[in-house]
Amino acid sequence: TMMAASITVVLLLTLQLLHPTNSFSTITMTSSPPSPMALNLKCKVKPTHRTKFLTAIQANQQSTRLNEPNNLQFVIGQDTEDENTFYFHEEFVNCEAFQEHMETQHFKVYNAFVSEEKPFEEPPVICLYNLREENDDVVSKKRGVHKESFGLNVNLYPKASVRDDFLKVISDNKQGTDTIEELALQYTYGESTTIDGISEGSANTFHFHEQYTGKDHGKEGFNVHASMPHFAAWEEFVQTDPFEKDPEVFFFKIIED
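Residue 217 in the working numbering is what sits at position 186 of the sequence shown, and the numbering runs on without skipping anything.
This is the structure we're talking about:
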């Protein structure tokens, strides 16, 4: 489960996904200062609905990529151990672009599928966050689409007392990953964001999306990452008991036709 404010975000957004209403389109999202935003989602699909679900979500994905210039990325991944658990990662140039996405016809078609078919074993968990430390070149154009890659979404909850130290070691980890690792495709992170009218977000709640390439559907790249000095510095920091609650790490294989 998320912290209290994040739980509010997850439950209310999930209700809107499962029971779409006209009022959803009136929700506005803000970030201060304005910055690109991202969404991580985890869902467990009923085995009987797996094929229909993949057809519906991939249609939404492809239309989003092709028809929404302000969408930067839309990734779907399958859990490495459970074929019926899936993860999304989406990026938009700003919060307004995300709201525009929710008003598109392809999103409404997917929403109708979810409402009518009820494909989930349990409510999806949704995390919204503002991207940090991404240069203008990265957030001004669509990210590349990578087949046969390995992904992970992560939720971290550092104690307020170690926030600065946490951000320093994460920044070093990101910089090392982005600049040194040839098999690293992406290291994205940010802090839980505000949604007007629903929640003020949750301070010191951070979400991550990473992608790697190489042998074994990209797992080689992640193994290289885990052997790097900047990752060792991260592991050393983890040993100092820096978290309010245990980290949540989800591994998956990127699905691309």
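Idealized CB from N, CA, C, for every residue including glycine.
The structure displayed is predicted, hence computed values, not measured ones.
Straight through space, the alpha carbons of residue 253 and residue 93 are spaced by roughly 27 angstroms. Its chain contains 62, 66, 68, 221, 222 and 224 as the residues whose beta carbon lies nearer than 7 angstroms to that of residue 161, once the 5 sequence neighbours on both sides are disregarded; these appear in chain order.
A buried status is given to residue 216, since no fewer than 16 other beta-carbon atoms sit within 10 Å of its beta-carbon. In this structure, residue 170 places its C-beta atom within 8 angstroms of the C-beta atom of residue 103. In the structure shown, residue 266 adopts helical secondary structure according to DSSP, grouped into three states. Restricting attention to alpha helix (DSSP H) runs no shorter than 4 residues, the segment 115-193 encloses them at 126-133, 136-148 and 167-170, ordered along the chain. Residue 249 sits in coil when the DSSP states are folded into three classes, being neither helix nor strand.
According to the DSSP assignment, residue 284 belongs to the beta strand (DSSP E) that extends over 279-285. If you draw a straight line from the Cα of residue 148 to the Cα of residue 259, it comes to about 45 angstroms.
DSSP places residue 85 within a helical segment (H, G or I) once states are collapsed to three. In this structure residue 175 is exposed. Its beta-carbon is surrounded by fewer than 16 other beta-carbon atoms within 10 angstroms.
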